[in-house]
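Chains as they are written, first to last, in the numbering used here: chain A, 425 to 1036; chain B, 425 to 1036. Each residue gets a CB set at the ideal place from its N, CA and C atoms; glycine is no exception. In this text, all values refer to a predicted model and were calculated from it rather than measured experimentally. In what follows, a single structure is set out as structure tokens and then discussed.
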Ligand SMILES: Cc1cc2nc3c(=O)[nH]c(=O)nc-3n(C[C@H](O)[C@H](O)[C@H](O)COP(=O)(O)OP(=O)(O)OC[C@H]3O[C@@H](n4cnc5c(N)ncnc54)[C@H](O)[C@@H]3O)c2cc1C
Ligand SMILES: Cc1cc2nc3c(=O)[nH]c(=O)nc-3n(C[C@H](O)[C@H](O)[C@H](O)COP(=O)(O)OP(=O)(O)OC[C@H]3O[C@@H](n4cnc5c(N)ncnc54)[C@H](O)[C@@H]3O)c2cc1C
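Below you can see the structure in the form of structure tokens.
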């Protein structure tokens, strides 16, 4: 058998949400990229809820977009219901969310991938990772696929999601596979084991899908989308699709009693699953146990698209046996006759604890090998896409001999996400929350472009027209600021008037009609800039302090075992995480200010322990 | 574990082309029907070429439509290029064909299924068939699915396609699975074995898919669709979608040399596959061997839809190893830089030789169990859909205690198809050809409604508005006939003028302007009716003779072993096939006129061997 070889700069394994962003980003940066995935018909498939965004996740999508990623445009093109969540709260909490036409979303992303220059999308089952030793360290040289062909590349991004040695559970029934109706990959788990990675197991779950025509909507509440839907992408000028409403219903005591009576048959409680699931995205059996006093839970009936009658029942994810699922629905108002099309299930899968990664998402163990997405112990499409984007960027940059792009916690939720992963690891599937960001007033969904687009442009990540869109907005902001800072009404600067919570943009427009030229988007920025000036300035002080510490970089090769004066526990932590800056070291849980002081002494060479 | 049971009238296993028609038909007839399939995302997926219709197959689609099936409407709604093949030949040869937007086709069918009353579509892996003995004979009572739940029904239609104990081959590489990226079902093969069915193996293959953007179209020939595309469904008033062109290129000596040099690595020639494939749909390696003198083969580059860049390379189906596939494309004009997205492969699978079926498609072995589609040794979406439709109809009719609907060879290609299957079995994957139909001038694509819609209406298969469309057309035909048969021009009846091949409808319209009221469709019918009157009358004689023989029915319980006076060979054949009419017996290969004469003697009771 003659050997079949293909040569690329970057190989991305798995075309889920992480993989598609990774491959697109690497290709946009000019790397010759291959995106290899088990089945071309599942590119960017939404394994669970047909929605993008949500609290803190919506911010991430805006950031991905600001840096040239595709998730924002994909959902804008295929969304069926847009809502800005937390509208009543402060702007740091505003989070865009949209329901997707699930299949349309998938084909939109696939088409974008197919149309991307430098990028080959190929149906392949990757079965092994190929490495060689260089200067005593393993580095990746490619992957082999089912059938024996070899893809060579010195950078490989692994984004295999929930598919590593995956088992699905519905009650007592176990089925190998990473998603209903699909298989699993065991080759990669073995390869990772062999290469010395620690693997661990997590679980996640999904609810049943039911037929729209079998729902009695009379018994449900209507939840329409926003009247003036806001787009995710900074490039979208207008959202085109008609919107579809959702509906709301509730569980009740009878449902909870049924679940309690069958808890012994729930894999999470019977001991059949012993890996941890996402605490903040619990299954219905979890909710019934943990929130025993609640007499009902809200369920959203979310249509999966314009051309299907499948409805996703958000809020009732479960791995209870199917007969219990059947009974459960019969007890829920509006769903008494629901026709279940696919049953809910939980899936258990291997992930790699992410403290094995550098902040660039490159693995510490194997040079040139990157991990992104659910394989890093996260959950969520947005978290996956964000990591994919960064891993793809960094794989391509490294290929060009450039420094990796690492976002700060004050720059982006993406920065928070990756810093959390690599600094503290995960003890349950990690999802983003606004509370994870110290500087969330700075990391608003409305200003992601101001935060990230210039930086993306500098790295060659985005084409000029994206930059141009931002420049125009910035000019508008400058103009508005100038007018507000120079026009007075009854002696008060308009800027000061706008600062007051009881004022509005419309009011100041009346006072200075030239402000009417300002776009709504720029007006919003100006309003927030003025109103939150004080808070932001205070946050900035902490940011500066962190930045100074960040500038104290620790070389990758720094030998933490030589910190002999340090407490054992702290030294071990540092050895495991191998922080790349003093700021990162400071964030490791259990590391005290005095540990840091000692570390600084070593770093300054005052104790003779320079990098090995 | 408490047992989970669902009760239906009819269960259809597998939602491919056969299964969707079967389930829809049964449900339309009022049977409470479950359609169970491995993965809801692959409902009605086109495993191979993204096209419906073609020579003889197009006629079948028109027949399916005339009887209320969905295939015609599905392709009308999602076709991207329509062509009437063989336009230059006589009307018996005219065959509609359309390229489909492959994914749109799939979702259209899935939506139709979801919207059908009495029909539940559920994602399930069927693992066993349940039977019980009644009066010494097995009858089906349901199926069990992965996870142990049980679906009960006294009629089950099996339409599992290429998925039974399937193995895919690409060169030396074998992968279990019935379609690229998917799995296989072994449970059903075991069940069939256990229940006493003979199983055999066939193979079929598919070519690579390549990226549209990587084709150099300058080197190819354009093949546009028809200017005035004709719809498949008698209900379609207008085709909406924009059309997409195909392109044509050719293989050449170099390609053929390469293939010859690698024949030892082709599973079909290396001995790795020893089951037969479709002779009339050969792989490229087959073509090179069997048509050694041809210096090129035509390849059609068929886009798979509006929203994808995948292109199906029609004409180069192969199971050669991937490195040979890579090299092959480099040698084909326009495809030198083709980016392969999925490789070609062959698939070997179990089928049940169809002489084990009654003409109703019910199995002889197990009461209430029906087979339809590729499981019967056929190939092609249209052949599958036709069988699905009939099996679904008959399962429902049987449930109501009515006689099965069996179409005659003179009534429909579907009649020819099923009669061929159950009478002569198959020794290679069976596909329809016009040459298989003795009465093809009667079985034209344009008159399928006239042939079948009244009959479908009588059986309650179609709603009144379908019948109404036909009635209106028939009225038009009658009016036109009346005018043509009563108006003269220079002494000649217009009917006689129209009969001449050098005349045209436009000419007679000028002579009798009231004919301008006649629709184009009715005008065509009238023209054919008049022109082919003589031929059809002659065919009718043979049809009548056959009909008389068909009326001589043989009871299902007739004991052929008692035909002791008959030649052994003939008796064995009759025992195997168990024909249900003398006409069918006559068509069994190897049965001579004198065998039939003898059979008639027995049947008349003249030799005391009445049914047992
Ligand atoms: C049942 C289920 C329930 C979930 N519930 C939730 C939820 O409630 N909330 C939430 O936020 N998130 C949920 N998720 C998680 C969400 O789906 C993931 O976070 C997200 O899809 C991860 O993206 P990814 O790109 O990392 O992986 P995926 O989207 O899983 O993509 C991985 C890709 O890799 C491919 N692949 C795998 N192995 C190979 C191989 N060997 N060779 C080639 N290709 C390979 C796969 O085919 C797939 O295309 C759920 C996931 C599942 C499966
Ligand atoms: C590789 C390949 C190449 C082909 N090439 C050609 C060609 O060149 N020309 C041509 O005319 N035809 C070709 N065909 C054949 C064509 O695809 C089939 O004739 C047609 O799809 C058969 O329809 P079907 O409904 O019988 O089966 P399928 O379309 O195969 O559908 C079977 C369905 O059953 C489901 N199923 C299987 N097992 C189970 C189970 N245990 N439980 C529940 N559901 C189950 C499957 O998921 C699937 O949805 C090819 C097929 C393949 C796979």
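| Check | Outcome |
| --- | --- |
| Could you list the residues in the segment 610-638 of chain A with a C-beta less than 7 Å from some C-beta on chain B, going in chain order? | 635, 637 |
| Whose Cβ in chain B lies nearer than 7 Å to the Cβ of residue 607 (chain A)? | 607 |
| Pull up the distance between the alpha-carbon of residue 1024 (chain B) and that of residue 1004 (chain B), whole angstroms please. | 13 Å |
| Hey, would you say the C-beta of residue 441 (chain A) is under 7 Å away from at least one heavy atom of ligand 1? | yes |
| Assuming the contact rule is C-beta atoms closer than 8 Å, residue 865 (chain B) and residue 963 (chain B) should be a hit. Round their C-beta distance to whole Å, please. | 6 Å |
| In the DSSP assignment, find the unbroken alpha helix (DSSP H) run with residue 450 (chain A) in it and report its ends. | 441-452 |
| Closer than 7 Å between beta carbons: that is the criterion. Which residues of the segment 535-549 of chain B meet it against chain A? | 535, 538, 539, 544, 545, 546, 547 |
| With a cut-off of 8 Å, does the C-beta of residue 763 (chain B) fall near any C-beta of chain A? | yes |
| Nearest by alpha-carbon distance to residue 583 (chain B): which of B:847, B:808, B:827, B:842 is it? | B:808 |
| Considering Cα atoms alone, identify which of A:485, A:845, A:983, A:733 is closest to residue 533 (chain B). | A:733 |
| Shortest alpha-carbon distance to residue 806 (chain A) belongs to which of A:445, A:428, A:993? | A:445 |
| Please state if the CB of residue 706 (chain B) and the CB of residue 668 (chain B) are separated by a distance shorter than 8 Å. | no |
| Do you know how far the Cα of residue 823 (chain B) is from the Cα of residue 883 (chain B)? | 14 Å |
| Return yes when the Cβ of residue 475 (chain A) is within less than 8 Å of the Cβ of residue 536 (chain A), no when it is not. | no |
| Could you check if residue 798 (chain B) belongs to the surroundings of ligand 2, using beta carbon to heavy atom distance under 7 Å? | yes |
| Quick one, are the C-beta atoms of residue 989 (chain B) and residue 1027 (chain B) less than 8 Å apart? | no |
| Quick one: residues in its chain with C-beta nearer than 8 Å to the C-beta of residue 1018 (chain A), no 5 flanking neighbours on either side, listed in chain order? | none |
| I want to know whether the segment 475-485 of chain B touches the segment 855-863 of chain B - three or more CB-CB distances under 8 Å. | yes |
| List the residues of chain B that residue 733 (chain A) touches, going by C-beta distances under 8 Å, in chain order. | 535, 538, 539 |
| Could you round the C-beta distance between residue 689 (chain A) and residue 596 (chain A) to whole angstroms and report it? I think they count as a contact, below 8 Å. | 7 Å |
| Which residues of chain A have a Cβ atom closer than 7 Å to the Cβ of residue 742 (chain B), listed in chain order? | What residue 742 (chain B) touches in chain A: nothing, since even the nearest Cβ is about 14 Å away. |
| Terminal residues of the continuous alpha helix (DSSP H) containing residue 956 (chain A)? | Where residue 956 (chain A) is concerned, there is no enclosing alpha helix (DSSP H), given that its DSSP letter is neither H nor E. |
| Along chain A, in chain order, which residues have C-beta atoms closer than 7 Å to that of residue 800 (chain B)? | Within 7 Å Cβ-Cβ: nothing; residue 800 (chain B) doesn't reach chain A, min ~25 Å. |
| Look at the alpha carbon of residue 936 (chain B) and the alpha carbon of residue 924 (chain B), and state the distance between them as a whole number of angstroms. | 17 Å |
| Which one of A:794, A:799, A:833 has the shortest CA to CA distance from residue 816 (chain A)? | A:794 |
| Is the segment 850-859 of chain B close to the segment 697-704 of chain B, with three or more CB pairs under 8 Å? | yes |
| For chain B, check one thing: does any of its Cβ atoms lie closer than 8 Å to the Cβ of residue 527 (chain A)? | yes |
| According to DSSP, is residue 1004 (chain B) helix, strand or coil? | coil |
| Any chance the CB of residue 437 (chain A) is under 7 Å from a heavy atom of ligand 1? | yes |
| Thinking just about the alpha-carbon of each residue, which of A:746, A:934, A:490 is nearest to the one in residue 895 (chain A)? | A:490 |
| For my contact list, residue 719 (chain B) and residue 677 (chain B) are in at a C-beta cut-off of 8 Å; report their separation, rounded to the angstrom. | 6 Å |
| Heavy atom of ligand 1 less than 7 Å from the Cβ of residue 670 (chain A), yes or no? | no |
| Can a CB atom of chain A be found closer than 8 Å to the CB of residue 855 (chain B)? | no |
| Between the alpha carbons of residue 1014 (chain B) and residue 1001 (chain B), how many angstroms are there, rounded? | 12 Å |
| When we look at the beta-carbon of residue 766 (chain A) and count the other beta-carbons within 10 Å, is it buried (16 or more) or exposed? | buried |
| Considering residue 893 (chain A), what are the terminal residues of the alpha helix (DSSP H) in which it resides? | 888-910 |
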